[in-house]
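According to UniProt numbering, the sequence shown is numbered sequentially starting from 1. Quick reminder that beta carbons are idealized off the backbone N, C-alpha and C, glycines included. All figures in this text were calculated on a predicted structure; none of them were measured in a lab. Beneath this line is the structure, given in structure tokens, with notes to follow.
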Amino acid sequence: MKISIFLCLMCVILMACSSTGKVTREQLKHSHWQLTQVDGNSVADAAAIEIEFLDALQVVGFAGCNRFFAEGNIESDVLKLAQLGMTRKSCGDVLDAQETQFLEMLQQGVTVTIQNSKLHLQGQKIWQFKALDAEPLTN
Numbered sequence: 001m002k003i004s005i006f007l008c009l010m011c012v013i014l015m016a017c018s019s020t021g022k023v024t025r026e027q028l029k030h031s032h033w034q035l036t037q038v039d040g041n042s043v044a045d046a047a048a049i050e051i052e053f054l055d056a057l058q059v060v061g062f063a064g065c066n067r068f069f070a071e072g073n074i075e076s077d078v079l080k081l082a083q084l085g086m087t088r089k090s091c092g093d094v095l096d097a098q099e100t101q102f103l104e105m106l107q108q109g110v111t112v113t114i115q116n117s118k119l120h121l122q123g124q125k126i127w128q129f130k131a132l133d134a135e136p137l138t139n
């Protein structure tokens, strides 16, 4: 009987400690990420997208060709960007298409999770990012 109670308590404790992957505004603040995969496919470093979350969920980044900035909002694990501004350089059809797809996805809203130290943004595709410890984009 004591063993059963012990095992039940251990299960409850382990379930309480497990991460749901849900992300809050506070968790995103002051984080800086670099794209590593789209739908499980690796991304070339030259085309690597970066996204950084600042105070008040202001978002800045590099979309593969151009720098961007926007106001972020997160509700029920969905991140949406509004008031998007960006530079307007063209880098060829492939990079331009990737950049457009990424920024439109963020404006429409993406489900956000952090699992195993990876940021996942899920819209029509799953975009996986690794945390960066390097100089932030705001310098």
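- Beyond the five residues adjoining it in sequence on each side, W33 comes within less than 7 Å, by CB distance, of E50, I51, L119, F129, K130, A131, L132 in the same chain, given in chain order.
- Cβ contact annotation for T24 (same chain, cutoff 8 Å, sequence separation greater than five): I74, in chain order.
- Q108 carries a helical assignment under DSSP once its states are collapsed to helix, strand and coil.
- Within the DSSP bridge table, the entry for F53 names S31, V59 as partners.
- Excluding the 5 residues flanking it on each side, S31 has same chain C-beta neighbours closer than 8 Å at E52, F53, L119, A131, in chain order.
- With 16 or more neighbouring CB atoms inside 10 Å of its own CB, A63 falls in the buried class.
- A70: member of the beta strand (DSSP E) spanning 67–75, first to last residue.
- S90 and N66 have their alpha carbons spaced roughly 8 Å apart.
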